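See structure below.
In the working numbering, the protein residues as written are 5 to 207.
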């Protein structure tokens, strides 16, 4: 099954303390969101990926903010089952392709989408979604690029997620609202589970 079809929302998570990774992942899975993207923006991110991969097998754990071939290698070694990049370069694309795991390369313009489609890629991350044109832009892309589907991420909120999901070329959305920093810091995993359940009901 495509990553874009498993759940309507992929939580995009920034983890400062790896100790929170496993209970957070379990809460998201209980809420109905098994696909989780941990961004490589903190020192503890790779350890978080490793812990979730080892202790929450029902989660489909991935790594985001993939920028280099070294990031690809480190993420896969930690147990990431998919990769997400904010943008794409030829060398990064080669590294992700050679990793052997699914990946969502980032694109923000029609030219970038065309370049990736030339490489046979039809499932992409649209980032930064709101800043790059949001709903109107994706609607415009659906005409000439009807065979390409997106996971828009960046600035999407619970109040706008449903509108994105209603687009024919959107498979799922990425959202950072599922794991608020204060909930992670205080260990309020029931709140995270509730937010996940609300998001899972969007489709």
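Backbone N, C-alpha and C define an ideal beta-carbon position, used for all residues, glycine too. These figures come from a predicted structure and were not determined experimentally.
| Check | Outcome |
| --- | --- |
| Check whether the segment 121 to 130 touches the segment 150 to 162, counting contact only when three or more Cβ pairs, one atom from each stretch, lie closer than 8 Å. | yes |
| Looking at C-alpha atoms only, which residue of 5, 7 and 27 is the closest neighbour of residue 187? | 27 |
| Measuring alpha carbon to alpha carbon, tell me which residue in 118, 107, 74 and 62 is nearest residue 6. | 107 |
| Straight-line CA distance for residue 105 to residue 15? | 19 Å |
| Pick helix, strand or coil for residue 127, following the three-state DSSP scheme. | strand |
| Under 7 Å Cβ to Cβ from residue 120, same chain only, skipping five residues before and after it: list those, please. | 92, 109, 111 and 128 |
| If you compare alpha carbons, which of 150, 166, 113 and 103 is closest to residue 135? | 113 |
| In the structure shown, what three-state DSSP assignment does residue 53 receive? | helix |
| Quick one: grab the DSSP three-state call for residue 112. | coil |
| Quick check on the DSSP output: the beta strand (DSSP E) that includes residue 43 runs from which residue to which? | 39 to 43 |
| DSSP puts residue 17 in a beta bridge; with which residues? | 42 |
| Using 10 angstroms around the beta-carbon of residue 98, count the other beta-carbons present and answer buried if the total reaches 16, otherwise exposed. | exposed |
| Evaluate contact between the segment 76 to 88 and the segment 46 to 64, counting only Cβ atoms and requiring at least three cross-stretch pairs below 8 Å. | yes |
| Within the same chain, show all residues whose beta-carbon is closer than 6 Å to that of residue 254, passing over the 5 residues directly before and after it, in chain order. | A question about residue 254 goes unanswered here, because the residues of the chain that appear run from 5 up to 207. |
| Return the chain-ordered list of same chain residues with a C-beta closer than 7 Å to the C-beta of residue 193, the five sequence neighbours on each side being excluded. | 27, 28 and 31 |
| Report buried or exposed for residue 140, applying the criterion of at least 16 other Cβ atoms within 10 angstroms of its Cβ. | exposed |
| My assumption, with CB atoms under 8 Å, is that residue 35 sits in contact with residue 200. Please give the rounded CB distance. | 3 Å |
| Taking a contact to mean a Cβ-Cβ separation below 9 Å, would you say residue 37 touches residue 203 in this structure? | yes |
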